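Presented below is the structure to which this report refers.
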Amino acid sequence: GARPCIPKDFGHGSLVCVCNATYCDTLDPLVLPAVGSYVKYESSKAGKRLERSEGKFQPSLRAPGLLLTLNISTLYQHVKGFGGSLSDAAAMNILKLSQPAQDNLLRSYFSESGIEYNLVRVPMACSDFSVRPYSYDDVPNDYELKHFRLVDEDVKMKV
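Take the sequence shown: its letters are residues 204 to 362, numbered as in my numbering.
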């Protein structure tokens, strides 16, 4: 089964789950619900951490409060997946961890016992989360990109 969150309080209502070289919380593998049912995952400041619950869709409900209506006959978009950004700052912090802590952290994002990210956005050149400004070709009028090169940040942290 899933390993529970060990909360750490940084104050100001900021609880995080401990993930280090020896422990990281996990989730049970995703199981799709039966037709007509849904699965909800909820996190809260009160301590819920991706708490799973199930329910059944009802064809018509006349009740006060929030009403969510799903039209399953019309598809508006296709979801390719879910993920996050790997900035210079994120890579620098990950690389400062011990190898076992890095393994646990990456497993918590990308494995079936984690949140199963399958996409990562990597900034091209520097961003506001870089320690210095840089680009791939600073030579004016180099339209053929003869001076294009990756910088150390890309080679060591992103590629």
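Using N, Cα and C, we set each Cβ at its ideal position, and we do this for glycine too.
Predicted model, so just to flag it, every value in this text is computed and none were measured.
Using only the alpha-carbon positions, how far apart do residue i and residue j sit?
{"i": "Asp355", "j": "Phe313", "result": "25 Å"}
{"i": "Asn344", "j": "Leu270", "result": "57 Å"}
{"i": "Ile183", "j": "Pro262", "result": "The first residue shown for the chain is 204 and the last is 362, placing residue 183 beyond what the model contains."}
{"i": "Asp291", "j": "Asp228", "result": "25 Å"}
{"i": "Pro232", "j": "Tyr241", "result": "16 Å"}
{"i": "Val363", "j": "Tyr337", "result": "This structure cannot speak to residue 363, because the chain is shown only from 204 to 362."}
{"i": "Ser330", "j": "Ala293", "result": "12 Å"}
{"i": "Ala266", "j": "Val358", "result": "57 Å"}
{"i": "Thr277", "j": "Leu348", "result": "45 Å"}
{"i": "Lys243", "j": "Val234", "result": "12 Å"}
{"i": "Phe260", "j": "Ser217", "result": "34 Å"}
{"i": "Val282", "j": "Arg255", "result": "21 Å"}
Strictly by DSSP, which residues pair up with residue i?
{"i": "Lys243", "result": "Ser256"}
{"i": "Leu322", "result": "Gly286"}
{"i": "Asp212", "result": "Leu218"}
{"i": "Tyr227", "result": "The sequence as given places Cys at residue 227; Tyr does not occur at that position. For Cys227, which the question treats as bridged, DSSP gives the partners Cys222."}
Which word fits residue i, buried or exposed, when buried means at least 16 other C-beta atoms lie within 10 angstroms of its C-beta?
{"i": "Leu298", "result": "exposed"}
{"i": "Thr225", "result": "exposed"}
{"i": "Leu230", "result": "buried"}
{"i": "Asn296", "result": "exposed"}
{"i": "Asn307", "result": "buried"}
Which residue wins for smallest C-alpha separation from residue i, given the options the options?
{"i": "His215", "options": "Leu253, Ser311 and Ala249", "result": "Ala249"}
{"i": "Ser288", "options": "Asn321, Lys259, Thr277 and Gln280", "result": "Asn321"}
{"i": "Pro210", "options": "Gly204, Thr272, Ser247 and Val323", "result": "Ser247"}
{"i": "Arg324", "options": "Lys361, Arg352, Ala304 and Val219", "result": "Lys361"}
{"i": "Glu257", "options": "Leu273, Gly268, Pro236 and Arg335", "result": "Pro236"}
My parser needs the alpha helix (DSSP H) runs of 4 or more residues fully inside the segment 261 to 313; what are they? 291 to 299 and 302 to 313
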